[in-house]
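Quick note on the working numbering: the sequence shown kicks off at 2 and runs consecutively.
Even glycine gets a Cβ: it sits at the ideal position worked out from N, Cα and C.
Model, not experiment: these values are computed from the prediction.
To keep things clear, I will list the structure first and then write my remarks on it.
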Amino acid sequence: MGELLTKQPLVEALCELKFSPSDKWGTDLPELFYTQVKDEFPECTTLTPVSFQFAVGEAIDMPEPAKALPRQQLRNKDNSVVVQIGADLLVENHLQPYTNWENFRDLILRMGSKYVELIGEVKLERVGLRYINHISPPEGRFDIEQFLSVFPILPSPLNLDLAGFSQVYEFQYVQPKAILKHQTGVVHNIPKLS
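The following block contains the structure:
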């Protein structure tokens, strides 16, 4: 286990469950879902999606875009947890204070069970799990080794002061077939050029 951080860098933990398209979604389902969870998530907002199309170049006949269905956004009392429910979609966002994975996992499973109870049998198409951290780099020069345990060794011409960095690693799983994407980045305030 690594060294404990003095300041929690987590901004948000997010789990997105995307289900295969189904004709089971009805406009009454968000209200039924809200009725079941309103003690825990008393604030309810309807998000109306906006979509548009445009063509570059010659004008061509464009088919009408598929009508996007509204989504319900439910919040707990201190706005630290948001649950979004929509057609073939369930998203849990956990902001600060975030306690631990076990509590977040339990929330995901609980809300997922309620979604399945309402819709019936569903086929899970995609799961997205993101932990969004914000680490502020120190002012002035900083070494990448301060932030990463695996880091690139930059040759002499590129061994300059860092203004920020970003890296992405994708790991392939065979069973279940999946990709784990690990992305790290620090954006530093770039000084204005004279």
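Straight-line measurement puts the Cα of Gln176 at about 29 Å from the Cα of Gly87. As for any alpha helix (DSSP H) of minimum length 4 sitting wholly inside the region 28 to 54, the runs are 30 to 38, ordered along the chain.
Only residues of its own chain outside the window of five on either side were considered, and among them none has a CB closer than 7 Å to the CB of Glu32. If you compare the alpha carbons of Ser114, Asp40 and Leu18 with that of Glu126, the shortest gap goes to Leu18. A direct Cα-to-Cα measurement between Asn134 and Thr185 gives close to 9 Å. Counted as a single uninterrupted DSSP element, the alpha helix (DSSP H) harbouring Asn104 occupies residues Trp102 to Ile120. CA-to-CA, the gap between Asp107 and Ser81 works out to about 15 Å. Counting along the chain, Ala14 sits inside the beta strand (DSSP E) bounded by residues Leu11 to Phe20.
For Asn134, the enclosing beta strand (DSSP E) has its first and last residue at Leu125 to Asn134.
Lys182 is not a Cβ neighbour of Phe20, given a cutoff of 8 Å.
Counting only residues of its own chain and dropping the five nearest sequence neighbours on each side, Lys25 has a CB closer than 7 Å to the CB of Ile120 and Gly121.
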